[in-house]
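Worksheet for the structure shown next.
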Amino acid sequence: MIAIIDYGVGNLRSVEKAFSFIGCEASISSDPEFVMQADGVVLPGVGAYSDAMDNLKKAGMVDVVKNVIADNKPFLGICLGMQLLFDYSEEGGNVSGLGIFKGTIKQLPLDMDLKVPHMGWNSIKSSKDCPLFTNLPDSPYVYFVHSYYLDAENKDMVIAKTNYGIEFDVAIGKGNVFATQFHPEKSGEVGLNILKNFKNLLKSNI
């Protein structure tokens, strides 16, 4: 069973449906005990960084996320769910995140010729030796919706980058933790393959 953390932020149903489509049992839950007992955990998220952090705290999920990661359980952050893993975001005036990894969430430049938010399909340069990206085509296209981007301090954990006016980090992988700025659940066959790869990381291989 995969637990999709419900903290009032994110397109939870589309994530749940994507896992169901690949034959993987997943349930949306706001119950810390259920999340801790799951075989794998997904933290989705869309919207404002500060609101998401407030909601995580109110839902009692801050320690749950940290404990899941510390317990070496497969973990997948999606979009804002990736950004929250880092130290802080410039959105809303340097709002503190979970601080699990070192890095900053920065505003996409507003003075470039491209629209912000970055919304739509973009190709990524991904690491071939990362299990999350097994059997993906070269430079696959995935779906983005965001105005802020990750600048990870430790570039060794960055498993994918993209270019939208500037080049920036769009996926990380370290130990049992994986996270993407883009939305696998909205990224067609490529995204479904990524979710299948995450499923295959679970001990029970549900």
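Per my numbering, the very first residue in the sequence shown carries number 1374; after that it's consecutive.
The beta carbon of each residue, even a glycine, is placed where N, CA and C say it ideally should be.
Can you tell me whether residue i is helix, strand or coil according to DSSP?
{"i": "Phe1448", "result": "strand"}
{"i": "Phe1555", "result": "coil"}
{"i": "Phe1581", "result": "This structure cannot speak to residue 1581, because the chain is shown only from 1374 to 1579."}
{"i": "Ile1423", "result": "Note that residue 1423 is Ser in the sequence shown, not Ile. In the structure shown, Ser1423 sits in a helix (DSSP, three-state: H, G or I)."}
{"i": "Met1485", "result": "coil"}
{"i": "Ser1403", "result": "coil"}
{"i": "Val1382", "result": "coil"}
{"i": "Lys1498", "result": "strand"}
{"i": "Ala1432", "result": "coil"}
{"i": "Phe1571", "result": "helix"}
{"i": "Asn1442", "result": "For the record, residue 1442 in the displayed sequence is Ile; it is not Asn. Helix at Ile1442."}
{"i": "Ser1393", "result": "helix"}
{"i": "Met1492", "result": "strand"}
{"i": "Gly1476", "result": "strand"}
{"i": "Lys1534", "result": "strand"}
{"i": "Ser1387", "result": "helix"}
{"i": "Phe1517", "result": "strand"}
{"i": "Ile1579", "result": "The predicted model places Ile1579 with a pLDDT of 45, which falls under 50 and marks its position as unreliable; any figure quoted below should be read in that light. It is coil, neither helix nor strand."}
Apply the 10 Å Cβ neighbour rule to residue i and answer buried if 16 or more other Cβ atoms are within range, or exposed otherwise.
{"i": "Thr1535", "result": "buried"}
{"i": "Met1434", "result": "buried"}
{"i": "Asn1546", "result": "According to the sequence provided, residue 1546 is Gly. The question's Asn does not apply to it. So Gly1546 ends up on the buried side."}
{"i": "Asn1406", "result": "Residue 1406 is actually Glu in this sequence, not Asn. So Glu1406 ends up on the exposed side."}
{"i": "Gly1466", "result": "exposed"}
{"i": "Pro1447", "result": "buried"}
{"i": "Ile1497", "result": "buried"}
{"i": "Glu1526", "result": "exposed"}
{"i": "Ile1532", "result": "buried"}
{"i": "Met1492", "result": "exposed"}
{"i": "Phe1394", "result": "exposed"}
{"i": "Ser1462", "result": "buried"}
{"i": "Gly1396", "result": "exposed"}
{"i": "Ala1470", "result": "Inspection of the sequence shows that residue 1470 is occupied by Gly rather than by Ala. Buried, because 16 or more other Cβ atoms sit within 10 Å of the Cβ of Gly1470."}
{"i": "Asn1445", "result": "exposed"}
{"i": "Ser1512", "result": "exposed"}
{"i": "Glu1398", "result": "exposed"}
Kindly give me the distance between the Cβ atoms of residue i and residue j, rounded to whole angstroms, as I take these residues to be in contact under 8 Å.
{"i": "Pro1490", "j": "Ile1539", "result": "Rounded, the Cβ-Cβ distance is 14 Å, inconsistent with contact."}
{"i": "Gly1472", "j": "Asp1460", "result": "5 Å"}
{"i": "Val1419", "j": "Leu1453", "result": "6 Å"}
{"i": "Ala1411", "j": "Ala1376", "result": "4 Å"}
{"i": "Tyr1514", "j": "Val1563", "result": "7 Å"}
{"i": "Leu1509", "j": "Ser1499", "result": "6 Å"}
{"i": "Asp1524", "j": "Phe1541", "result": "7 Å"}
Mind checking whether the beta-carbon of residue i lies closer than 7 Å to any heavy atom of the ligand GDP?
{"i": "Ser1499", "result": "With respect to small molecules bound, the structure shown includes none, and the ligand GDP cannot be examined in it."}
Contact between the segment 1556–1574 and the segment 1387–1404 (3+ Cβ pairs under 8 Å):
yes
Below 8 Å, how does it come out for the segment 1475–1488 and the segment 1440–1450: are there three or more Cβ pairs, yes or no?
no
Taking 8 Å as the cut-off, does the segment 1376–1383 touch the segment 1420–1433 (at least 3 CB pairs, one atom from each stretch)?
yes
Below 8 Å, how does it come out for the segment 1566–1578 and the segment 1496–1507: are there three or more Cβ pairs, yes or no?
yes
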